[in-house]
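Visitor:
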Amino acid sequence: MSTQNKQMSELDYLGLPPAKRRLYDIGQFFKEVPGKVWGGIKKIPQKLWALLCRLGGFFKNIGVMFWEGDILTKLSFVIMGFGQFFRRQIGRGIVFLLMEAVFIYYMAAFGFSYLSNMTTLGTEAVTKTLNKYGLEVVEYKDNSLKILLYGVLTIFIVIGFLWTWYINISQNYKAQKLIEEGIRPKSLKNDIKSLGDEQYYKTLLAVPLLGIVVFTVIPIFFMILIAFTNYDYSHLPPEQLFGWTGFENFRTMLSTDISGSSKFAYTFREILMWTMIWALVATFSNYFLGMFIAICINKKGIKFKKGFRTILVMTIAVPQFVSLLLVSKMFADEGIVNGILQKLSLITDKIGFLSTPTLAKIMVLVINLWVGIPYLMLITTGVLMNIPADLYESAKIDGASGMKQFTKITLPYMLFVTGPYLLTSFTANINNFNVIYLLTGGAPKTMEYAGGAGKTDLLITWLYDLTITDNDYKMAAVIGILVFLVVAVISLIIFNLSPAMKNEEDFQ
Amino acid sequence: MTDQNTTNFRSKSRKERRTRIIIYVVLSVLSIIWLVPFFYLICQAFRGESKSMVTYFFPKEWSFENFRILFKETNFLSWYKNTLIIALFNAVLQTVIVLSVAYALSRMRFKGRKLLMNFMLILGMFPGFLSMIATYFILKLIGLTSENAVPGLILVYAASSGMGYYIAKGFFDTIPKSLDEAARIDGASRSRVFFRIIMPMAKPIIIYTVMMAFIAPWGDFMYASLISFGHEESYNVAVGLYRWLDKEHINNYFTVFCAGGLFVSVPVTVLFMALQRYYVEGVTGGAVKG
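Read top to bottom, the protein sequences are chains A and B.
Here my numbering is used: the first residue of the first sequence is 51, the next is one more, and so on.
Here my numbering is used: the first residue of the second sequence is 25, the next is one more, and so on.
(1) Can you give the Cα-Cα distance for A/Phe162 and A/Phe153, rounded to whole angstroms?
(2) Tell me whether the beta-carbon of B/Pro329 lies closer than 8 Å to the beta-carbon of B/Asn114.
(3) Checking contacts by CB at 8 Å: is B/Val116 closer than that to chain A?
(4) When you compare the CB of A/Phe272 with every CB in chain B, is at least one pair closer than 8 Å?
(5) Would A/Val421 pass as an interface residue toward chain B - the criterion being a Cβ-Cβ separation below 8 Å?
(6) Please list the segments of the alpha helix (DSSP H) lying wholly inside the segment 195-234 of chain A, counting only runs of 4 or more residues, in order along the chain.
(7) Where does B/Lys39 sit, in a helix, a strand or coil, going by DSSP?
(8) Only counting the same chain, and skipping five residues up and downstream in sequence, which positions put a Cβ closer than 7 Å to that of A/Met341?
(9) So with Cβ pairs under 8 Å, would you call B/Ala262 a contact of chain A?
(10) Does the beta carbon of A/Met364 sit closer than 8 Å to a beta carbon anywhere in chain B?
(11) Alpha carbon to alpha carbon, how far is A/Asn55 from A/Gly90?
(12) A/Val414 to A/Phe476, Cα distance in whole Å?
(13) Exposed or buried, what is A/His285 when buried is set at 16 or more other beta-carbons lying within 10 Å of its beta-carbon?
(14) Does the separation of the CB atoms of A/Asn336 and A/Ile219 fall below 8 Å?
(15) How many angstroms separate the CA atom of A/Ile417 from the CA atom of A/Thr474?
(16) Using a Cβ-Cβ distance under 8 Å, would A/Ile543 count as near chain B?
(17) Take every Cβ of the segment 282-302 of chain B, pair it with every Cβ of the segment 179-193 of chain B, and state whether three or more of those distances are shorter than 8 Å.
(18) Determine the burial state of B/Val180: buried for a count of at least 16 other Cβ atoms within 10 Å of its Cβ, exposed for fewer.
(19) With 8 Å as the threshold, decide whether the Cβ of B/Met235 is near any Cβ in chain A.
(20) Could you pull the DSSP bridge partners for A/Tyr190 from this structure?
(21) Pull out every residue of the segment 56-74 of chain B whose Cβ sits closer than 7 Å to any Cβ of chain A, in chain order.
(22) So with CB distances below 8 Å, who are the chain A contacts of B/Ser213?
(23) Are A/Ala69 and A/Asp448 closer than 8 Å when you measure CB to CB?
(24) Give the single residue among A/Tyr74, A/Arg234 and A/Ile343 whose Cα lies nearest to the Cα of B/Lys49.
(25) Just checking, does the segment 53-65 of chain B make contact with the segment 356-364 of chain A on the three C-beta pairs under 8 Å criterion?
(26) Run down chain A in chain order and give the residues with a C-beta less than 7 Å from the C-beta of B/Ala128.
(27) For chain B, find out if any of its Cβ atoms is closer than 8 Å to the Cβ of A/Pro462; answer yes or no.
(28) According to DSSP, simplified to helix, strand and coil, what is A/Thr279?
(29) Indicate the three-state DSSP secondary structure (helix, strand or coil) for A/Lys495 in the structure shown.
(30) For a contact meaning CB atoms closer than 7 Å, what does B/Trp242 contact in chain A?
(31) Distance, Cα to Cα, A/Ile76 vs B/Phe95?
(32) What residue from A/Thr468, A/Leu508, A/Gln455 and A/Gln392 has the CA that sits closest to A/Leu428's CA?
(33) Mind reading off the beta-carbon distance from A/Ala175 to A/Pro288? Whole number of angstroms is fine, and I expect it under 8 Å.
(34) Can you pull out the residues from the segment 391-421 of chain A whose beta carbon lies closer than 9 Å to at least one beta carbon of chain B?
(35) Using only the alpha-carbon positions, how far apart do A/Lys495 and A/Leu409 sit?
(36) Mark A/Pro470 as exposed unless 16 or more other C-beta atoms lie within 10 angstroms of its C-beta, in which case mark it buried.
Given below as structure tokens:
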């Protein structure tokens with residue numbers, strides 16, 4: 051924060067007691083929020099341009115290496131590891147040559163056919179022929195799903211190979227330069243040794259990253275591709291084929307004509323709206339009530355602090371599928387809450403807590419408090435204890451009431467410190483599968499919605515239903531991508547605001 | 025003069041006492057609300073009469089009948105065993121992976137580090153379910169679905185755990201870098217620093233990671249239901265118990281579900297409560313740093 055931005059002169063600012071100075075900083079932070087958001091949005095084209103420049107620099111670098119390289123380096127562009135053999139780096143040379151051999155074998159034997167099949171995703175699913183007894187024999191041929199999956203795997207293998215190829219030529223170039231200066235380049239033995247030292251991060255990250263690539267990156271890439279096909283219940287391999295359809299699914303989902311046949315667009319809008327309301331209300335109600343309870347428990351002179359805390363924390367400990375399923379049965383039409391209310395003759399007809407649309411929405415939000423308040427209580431307790439006590443003391447001397455102390459000191463301080471958490475929990479709530487799925491499963495279902503969606507469905511639970519019960523994979527993939535876009539935009543704003551993310555080095 | 029002062033003081037303390045009483049009432053009511061479902065679970069688990077849902081709270085007849093059914097007539101024990109195996113393996117593998125990633129990203133500076141962190145951040149924004157279908161096909165390709173769901177699930181949990189490094193990294197960031205540097209000047213290699221200096225100081229975060237990794241598989245429903253689909257023997261507890269509450273089973277299995285739920289919850293809850301301190305440190309540290 052530069053001093054020019056402050057409305058107060060520097061001298062006045064420095065004259066304040068340290069605690070008040072901190073409070074002033076916090077106030078300034080909130081004043082700057084809109085400007086920072088706008089600044090973040092303005093930075094996007096700039097960042098994209100910087101990325102393009104770096105990409106250009108990368109290719110230029112390859113060109114320079116080829117141009118300035120001697121014959122050994124140039125040959126290494128084609129035969130990997132060639133240069134290393136003549137520069138006394140035989141170990142490295144063997145590794146690279148082996149990689150190239152394996153890659154060429156793989157591409158020749160499988161890779162090319164997988165990649166070429168990917169353009170059509172198969173032409174013939176089954177052939178039916180009659181055998182000599184006159185019975186029909188079904189033979190499965192092209193399986194679009196397998197073609198796509200193998201194709202994606204091959205694409206990643208090619209990318210991995212290109213990367214090794216780049217390492218190979220840059221190593222050659224470096225070795226060449228070192229030899230020109232009269233220094234002996236490093237050998238494989240040095241490489242292996244440095245894996246425990248300067249390059250220890252490679253050892254540490256290798257397995258985790260492999261896991262992430264195989265079980266997260268490849269699946270996500272695969273599902274993004276599915277969004278551009280017509281893979282659904284009427285195109286299920288191995289009996290049927292599916293093929294590329296371009297942006298057709300996105301057009302269905304986002305079409306503006308909601309009166310016509312495209313129920314999906316209408317459903318999507320309604321559910322998106324409810325998801326946003328849900329995330330907003332769930333996040334803030336948990337936050338403020340959690341904070342309120344934390345303040346109550348931590349108030350001076352209250353006994354059994356630990357007891358109250360432990361009781362609340364129980365809901366975190368018990369697996370959600372037990373606690374939430376049980377609560378959903380308690381509030382069911384035939385459940386105990388209705389039963390007891392009837393017995394006390396408070397009501398005559400059963401209340402559809404989770405089966406009437408509006409009430410169900412309110413109930414999931416209320417029950418979510420039961421789940422969420424304990425987390426917030428734990429987090430805010432920690433922060434509350436860190437608020438400098440002299441802030442309160444000086445406020446008391448000035449005669450500020452309890453309410454005033456809360457709005458002028460506690461709340462701004464809390465928002466400042468837990469702001470990033472508040473916003474990340476907003477995005478987490480958008481994808482809050484467990485609470486909705488275990489409580490209502492999206493019910494009450496309605497005919498107004500497409501794809502078997504219900505009134506309390508979030509985008510994420512709708513996605514689940516579409517894949518598991520409807521096998522409408524293409525639409526599920528589209529929803530997944532749209533959810534990503536929503537979360538990404540919100541997160542982009544958060545990370546521009548969050549002060550904690552930027553000065554990572556300050557902690558160390 | 026003195027008289028007025030004392031009345032002033034007394035009125036203030038009376039006001040304080042009133043707020044205190046209000047707070048006690050609020051907290052007691054909340055505690056009851058928070059505990060009711062768990063009492064309900066216990067009552068239903070030990071109910072002797074009728075296996076379906078009833079509209080009264082306390083059972084008329086207490087018995088262990090539901091537990092007998094649970095262990096003798098259903099596959100519950102094998103589900104329990106599956107979940108326990110998965111949880112134990114996950115506790116080891118996930119801890120190793122998370123600590124490795126967190127240490128590398130916190131302590132070492134290398135080309136592409138920022139890029140990698142941003143990349144993982146972006147990956148985390150995709151809804152987890154999106155990748156599940158493809159994950160399922162990949163596992164099926166290696167033959168780790170339905171009857172082999174247990175190793176399959178271990179693999180999936182461990183493989184995707186690298187992205188949850190934030191809290192552990194936040195912890196490592198608070199250990200002064202000068203410690204590393206001093207050891208490095210004395211000639212210790214990076215791996216030695218990791219095992220000899222950082223690990224002994226990281227006890228709270230190790231306990232936190234082990235605990236979370238052990239507890240998570242007990243509640244996982246999404247992945248487990250997909251990967252163990254069609255093979256009842258290899259369900260985990262969540263998938264197995266969930267089915268007992270659908271329309272076909274609920275009238276014969278509701279109290280058995282409660283017994284099973286209780287049997288799952290008690291050890292997990294005891295473990296959690298015993299290690300609560302580490303949990304609180306983990307979440308508050310992670311939340312405050314963003």
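Ideal Cβ placement from N, Cα and C applies to all residues, glycine included.
Guide: Looking at the coordinates:
(1) Distance from the CA atom of A/Phe162 to the CA atom of A/Phe153, rounded to whole angstroms, is 11 Å.
(2) With chain B covering only 25 through 314, there is no way to say anything about residue 329 of chain B.
(3) Closer than 8 Å: no.
(4) Against chain B, the CB of A/Phe272 has a partner CB under 8 Å away; the residue lies at that interface.
(5) Residue contact check for A/Val421 against chain B: no CB pair falls below 8 Å.
(6) As far as the segment 195-234 of chain A is concerned, it has no whole alpha helix (DSSP H) run of at least 4 residues.
(7) Residue state, collapsed to three classes: helix.
(8) Closer than 7 Å at Cβ, skipping near neighbours: Leu426, Thr430 and Met464.
(9) Output row for B/Ala262: interface = yes.
(10) Yes, A/Met364 lies at the interface with chain B (some Cβ there is under 8 Å from its Cβ).
(11) Low local confidence applies: a pLDDT of 47 at A/Asn55 is under 50, so the model's placement there is unreliable, and no value is given.
(12) One C-alpha to the other measures close to 16 Å.
(13) Buried is the call here.
(14) Against a cut-off of 8 Å, the Cβ pair of A/Ile219 and A/Asn336 comes out as no contact.
(15) Using only the alpha carbons, I get a separation of about 21 Å.
(16) Not one chain B Cβ lies under 8 Å of A/Ile543.
(17) Counting Cβ pairs under 8 Å, fewer than three are found: no touch.
(18) It counts as buried.
(19) Chain A, which has no Cβ nearer than 8 Å to the Cβ of B/Met235, makes this no.
(20) In the DSSP assignment, A/Tyr190 forms a beta bridge with A/Val176.
(21) Of all residues in the segment 56-74 of chain B, only Trp58, Leu59, Pro61, Phe62, Tyr64 and Leu65 place a beta-carbon less than 7 Å from a beta-carbon of chain A.
(22) Residues of chain A with a Cβ closer than 8 Å to the Cβ of B/Ser213 are, in chain order, Gly246, Asp247 and Tyr250.
(23) No, they are not a contact pair.
(24) For the sequence presented, residue 49 of chain B should be read as Val rather than Lys. Nearest C-alpha to B/Val49: A/Ile343.
(25) Yes, since at least three Cβ pairs between the segment 53-65 of chain B and the segment 356-364 of chain A fall closer than 8 Å, the two stretches touch.
(26) Under the 7 Å cutoff, chain A gives Tyr251, Leu254 and Leu255.
(27) No, A/Pro462 does not count as interfacial toward chain B.
(28) Strand.
(29) For A/Lys495, the secondary structure class from DSSP, reduced to helix, strand or coil, is strand.
(30) Within 7 Å Cβ-Cβ: Pro369.
(31) C-alpha separation (whole angstroms): 58 Å.
(32) Of A/Thr468, A/Leu508, A/Gln455 and A/Gln392, the residue nearest in Cα terms is A/Thr468.
(33) With a Cβ gap of about 7 Å, A/Ala175 and A/Pro288 count as contacting.
(34) Residues passing the 9 Å Cβ filter: Gln392, Lys393 and Trp420.
(35) If you take the alpha carbons of A/Lys495 and A/Leu409, they lie about 14 Å apart.
(36) Looking at its Cβ environment, which holds 16 or more other Cβ atoms inside 10 Å, A/Pro470 is buried.
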